[in-house]
Structures are given as C-alpha cells and as structure tokens.
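Q: One structure is given below, represented as structure tokens, and several questions about it will come after.
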Amino acid sequence: QRFLYDQLHPDGPLSSNDIALDDCPEITSKVDVFHSAVAVFYAPSDISGIRGLRQERIRSHPSWHGHPRRDCAFAVQDQAQPGFRGMSAVRILLFYSFTHNDVRYECALVEWFKSCGEGPDDTMGMWIVEPEYEHHHHVRSVIPLDSLLRAAHLIPMYGPHSLPKQFRYYHSLDWFNAFYISKYADHHSHEIAF
187 QRFLYDQLHP DGPLSSNDIA LDDCPEITSK VDVFHSAVAV FYAPSDISGI
237 RGLRQERIRS HPSWHGHPRR DCAFAVQDQA QPGFRGMSAV RILLFYSFTH
287 NDVRYECALV EWFKSCGEGP DDTMGMWIVE PEYEHHHHVR SVIPLDSLLR
337 AAHLIPMYGP HSLPKQFRYY HSLDWFNAFY ISKYADHHSH EIAF
C-alpha cells in the first residue's frame, strides 16, 4: 500500500512513510507472484555495438534445487551519478504484480545493502556493501521492477576463521557481514560497478 501511494504521488509533499497506513490506497486486485524476471540491457563495449541488447534472468525462488534462491541485483537510485555511485545492491525476496485503477504495477520486495565508503576499496578495487538494518531487522521495501538494472554478484568478505562444516553456499548472504560488489563477474559488471 505504501509503494502504491508513492507511485500515485511521486511529487507529493509527503512520502508514504509520513502518513498512516490507513491513508494509503487499498489493493483489491489479485496479486500475481513470479519466481524470476528477465533484465534486458546493453553495454557500449558489446561486440554487437551500442544498440546490442543482452538479457539475463534474475531469480527469487522458494525452492531452487531444494533450497531458496534469492538473487542480488543493481537497483538504480540516481541515474545522474556514474557507475555504482547511483545504485545500490539489493537482494530480491519476491517478484509480484497487481492492478490498481486499470494500471498494472510490477514490483519487487527487496532487502537493501548499504555502501561502505564513498568509492571502491583501495586494495581490491571493488565497492564494499553490508546488509542494511533498522531495529535489528533487514531494511526491506517494495521497488518498481524497472528500477532493477541487472543481476549483481556479491563476494563475501572472508575473515581469518574457517567456515564451519555445516556451512552451505546458500547461507552466504545471511552468514557474512560485508561483501564486495564483483566487477569481474563479466564485462557488463565491469562497466557498471566502477
């Protein structure tokens, strides 16, 4: 409901956080849930040229080979800022859509990561992010689907201790306190996460 209020009043004097939930519009349509979304984008260095489009699937699935899979993505917040300075990393918890007044809204429920510092780490050359918390809970919000640019690859910042034997790869985003935003995942990431 707060997401819908912000979509209906993008330039309003108040945001949805400033008003009571009862004052937000109600969603009466059915809600369609999806386990993935396709990001379509281009990178100027692609062999196919500046107009060549690429696509990739971003997943948020409750049971991917027996375990939840919640991919991360780049969420664009300020298009005027270059590279990762205008973005944040998010973890996709749910893709869904609904209709209000004959307008279809496609959105994602995400958990936010906040940047550590004003630029990439001097040693590794990659941005560092950590999960954003408020009152000991992950900061979550609903964002428009079109604010997601593409998938993001987060590399855990390992400490001096060994991982316990019960550790599994699907625990990574919950286990570690900080992550590198990999700009080496592919050449598109290298052009985005600088």
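Numbers given in the working numbering equal positions in the sequence shown, counted from 1, plus 186. Note that CB positions come from ideal geometry on N, CA and C, so glycine has one too. Given the structure is predicted, the values throughout are model-derived calculations rather than measurements.
Please list, in chain order, all residues of the same chain as R188 whose beta carbon is under 6 angstroms from its beta carbon, the five residues on each side excluded.
A: Hits under 6 angstroms: S202, C210.
Q: Roughly how many angstroms lie between the CA atoms of Q263 and R243, to the nearest whole one?
A: Cα-Cα distance, rounded: 21 angstroms.
Q: What did DSSP end up calling D264 once you bin it into helix, strand or coil?
A: Three-state result, D264: coil.
Q: Give the single residue among C258, Y356, S222, L340 whose Cα lies nearest to the Cα of G252.
A: For G252, the nearest C-alpha among the options comes from Y356.
Q: List the endpoints of the continuous alpha helix (DSSP H) containing E377.
A: Where E377 is concerned, the enclosing alpha helix (DSSP H) stretches over 373-378.
Q: Tell me the DSSP bridge mates of T285?
A: The partner list for T285 (beta bridge, DSSP) reads R290.
Q: For C258, count neighbouring Cβ atoms within 10 angstroms of its own Cβ and tell me buried if that reaches 16, exposed if not.
A: The residue in question, C258, is buried, as its Cβ has 16 or more Cβ neighbours within 10 Å.
Q: I'd like to check one pair, I213 with F284: are the Cβ atoms closer than 7 angstroms?
A: Going by C-beta atoms, F284 is nearer than 7 angstroms to I213.
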